[in-house]
Amino acid sequence: MGTHRIAGLWAVLLTTLITLTGALPVHAYDNPELLPDHPTPVIDLAKAFTDPQRSSLEKRLNDVEASTGWKLRVLTQYERTPGRAVKEFWGLDESSLLLVADPRGGNLLNFNVGDAFFALMPRTYWVELQTRFGNQYYVKEHGEDGAIVDALNAVEVCLERGGCQVVPGLPLEQWLWTLTTSAVGGLIAGFAAYPRKEGETVAWAWLLLLSPLWVMLFGVFGIAPVITRTSDILPIVRNGVGFLAGAVVAYLIAQATVGRRLNQEPES
Numbered sequence: 001m002g003t004h005r006i007a008g009l010w011a012v013l014l015t016t017l018i019t020l021t022g023a024l025p026v027h028a029y030d031n032p033e034l035l036p037d038h039p040t041p042v043i044d045l046a047k048a049f050t051d052p053q054r055s056s057l058e059k060r061l062n063d064v065e066a067s068t069g070w071k072l073r074v075l076t077q078y079e080r081t082p083g084r085a086v087k088e089f090w091g092l093d094e095s096s097l098l099l100v101a102d103p104r105g106g107n108l109l110n111f112n113v114g115d116a117f118f119a120l121m122p123r124t125y126w127v128e129l130q131t132r133f134g135n136q137y138y139v140k141e142h143g144e145d146g147a148i149v150d151a152l153n154a155v156e157v158c159l160e161r162g163g164c165q166v167v168p169g170l171p172l173e174q175w176l177w178t179l180t181t182s183a184v185g186g187l188i189a190g191f192a193a194y195p196r197k198e199g200e201t202v203a204w205a206w207l208l209l210l211s212p213l214w215v216m217l218f219g220v221f222g223i224a225p226v227i228t229r230t231s232d233i234l235p236i237v238r239n240g241v242g243f244l245a246g247a248v249v250a251y252l253i254a255q256a257t258v259g260r261r262l263n264q265e266p267e268s
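The opening position of the sequence shown corresponds to residue 1 in full-length UniProt numbering, with each subsequent residue numbered one higher.
Structure, rendered in structure tokens:
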């Protein structure tokens, strides 16, 4: 029985090793034969760009490096990849950013970020950058080329600003979320403010009591994400209107409900 158990354990171990070995990413190997024979900041093995697009991107990335010293590099791959050979080819260092576009995963974009970049953009920035521009919906709508270029645009904007805590720009779905939280915050504030005593117009005590909740929804989740991502005043105005509308609706409904209950109570 002991021999069978040992043999079974070895079989499981060997199967696991074979599975892990087969699951190793292709870019763990060196394939220098796939590297171009001339200096270029873009290696487009997946053919994500047309020739004019690639030429324009190459010029732009070269200009960024010449003017700022930051090296931005792009590698698109599908099945074939030069792997770690790109590190020596491009001389990647702490001031280098390598964007790897590979559609085989759940997200198109991956970033190999040099340590010097973290002084300007924190790690959460790169996570947001990947999820915003590399998700399947964005790639389907804008194409692989558009997703790559838009991600690089966001990085360049932050380099020009001297750093960013969040990715610039306010996507529609994110603004809708801030609008929703603003309106919900207004509903809570309106419900808290409706009068509970005769002759009272606003229940300030209740409004202050629930202020941590509606201030968080409106201020932290409704306004802060907007002002940190865009200088456009229109989303802020819309979120403010959403908050006020929610507050007025909740106030009137609560007041009408209380008044109806009082009218239905029998006189003593």
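Don't be surprised by glycine CBs; every beta carbon is placed ideally from N, CA and C.
Per DSSP, the bridge partner or partners of residue i
{"i": "Val-100", "result": "Leu-75 and Asn-110"}
{"i": "Arg-80", "result": "Tyr-78"}
{"i": "Ile-43", "result": "Leu-75"}
Residue from the options with nearest C-alpha to residue i
{"i": "Thr-81", "options": "Leu-252, Pro-36 and Thr-124", "result": "Pro-36"}
{"i": "Arg-104", "options": "Asn-135, Ser-95, Tyr-125 and Ala-85", "result": "Asn-135"}
{"i": "Gly-91", "options": "Ala-189, Pro-41, Glu-79 and Tyr-125", "result": "Pro-41"}
{"i": "Thr-228", "options": "Leu-170, Leu-209, Glu-65 and Ala-205", "result": "Leu-170"}
{"i": "Gly-242", "options": "Ile-188, Tyr-78 and Glu-200", "result": "Ile-188"}
{"i": "Tyr-78", "options": "Ser-67, Ser-55, Glu-58 and Asp-102", "result": "Asp-102"}
{"i": "Leu-45", "options": "Pro-39, Ser-55, Leu-34 and His-38", "result": "Leu-34"}
{"i": "Leu-120", "options": "Ala-224, Thr-230 and Leu-159", "result": "Leu-159"}
{"i": "Val-113", "options": "Gly-106, Tyr-137, His-142 and Leu-152", "result": "Leu-152"}
{"i": "Ile-236", "options": "Val-220, Ala-250 and Val-249", "result": "Val-220"}
{"i": "Asn-62", "options": "Thr-50, Asp-51 and Pro-39", "result": "Pro-39"}
{"i": "Leu-172", "options": "Gly-199, Arg-238, Ala-250 and Asp-93", "result": "Arg-238"}
8 Å contact criterion, which residue i and residue j should meet: CB distance rounded
{"i": "Ala-147", "j": "Leu-109", "result": "7 Å"}
{"i": "Asp-69", "j": "Ser-96", "result": "Just to set this straight, residue 69 is Gly in the shown sequence, not Asp. Going by Cβ atoms, the distance from Gly-69 to Ser-96 rounds to 10 Å, so no, they are not a contact pair."}
{"i": "Ala-129", "j": "Val-167", "result": "The identity of residue 129 in the sequence shown is Leu, whereas the question assumes Ala. So it is a contact: roughly 5 Å between Cβ atoms."}
{"i": "Thr-178", "j": "Gly-240", "result": "Rounded, the Cβ-Cβ distance is 11 Å, inconsistent with contact."}
{"i": "Val-149", "j": "Leu-57", "result": "7 Å"}
{"i": "Gly-106", "j": "Asn-31", "result": "Going by Cβ atoms, the distance from Gly-106 to Asn-31 rounds to 24 Å, so no, they are not a contact pair."}
Sub-9 Å separation of residue i and residue j beta-carbons
{"i": "Val-184", "j": "Leu-207", "result": "no"}
{"i": "Leu-252", "j": "Gly-190", "result": "yes"}
{"i": "Glu-72", "j": "Val-86", "result": "A small correction: the amino acid at residue 72 is Leu; Glu does not occupy that position in the sequence shown. No, the Cβ-Cβ distance between Leu-72 and Val-86 is not below 9 Å."}
{"i": "Trp-214", "j": "Ala-245", "result": "no"}
{"i": "Glu-76", "j": "Val-100", "result": "Looking at the sequence shown, residue 76 is not Glu but Thr. Against a cut-off of 9 Å, the Cβ pair of Val-100 and Thr-76 comes out as a contact."}
{"i": "Gly-186", "j": "Ala-247", "result": "yes"}
Cβ-based neighbour list, residue i, same chain, cut-off 7 Å, excluding 5 preceding and 5 following
{"i": "Gln-53", "result": "Asp-145"}
{"i": "Pro-122", "result": "Gln-165"}
{"i": "Pro-225", "result": "Gln-174 and Thr-178"}
Beta-carbon contacts of residue i that lie in its chain and below 8 Å, excluding the five residues immediately before and after
{"i": "Gln-255", "result": "Tyr-194 and Pro-195"}
{"i": "Val-64", "result": "Trp-70, Leu-72, Glu-156 and Leu-159"}
{"i": "Phe-111", "result": "Leu-97, Leu-98, Leu-99, Val-100, Trp-126, Leu-129 and Gln-130"}
Other residues of its chain near residue i: CB distance less than 6 Å, five sequence neighbours each side excluded
{"i": "Ser-139", "result": "What sits at residue 139 in the sequence shown is Val, not Ser. Contacts found: Leu-108 and Ala-147."}
{"i": "residue 273", "result": "Since the first and last residues shown for the chain are 1 and 268, residue 273 lies out of range."}
{"i": "Leu-14", "result": "Confidence in Leu-14 is poor, its pLDDT being 42 and thus under 50, which makes the residue's placement too unreliable to answer from."}
Distance cut-off 8 Å: residue i Cβ against heavy atoms of the ligand GTP
{"i": "Ala-116", "result": "Absent from the structure shown: the ligand GTP. Ligands present: none."}
Closer than 9 Å to chain B by CB, residue i
{"i": "Asp-51", "result": "The question asks about chain B, but that chain is absent: this structure has only one protein chain."}
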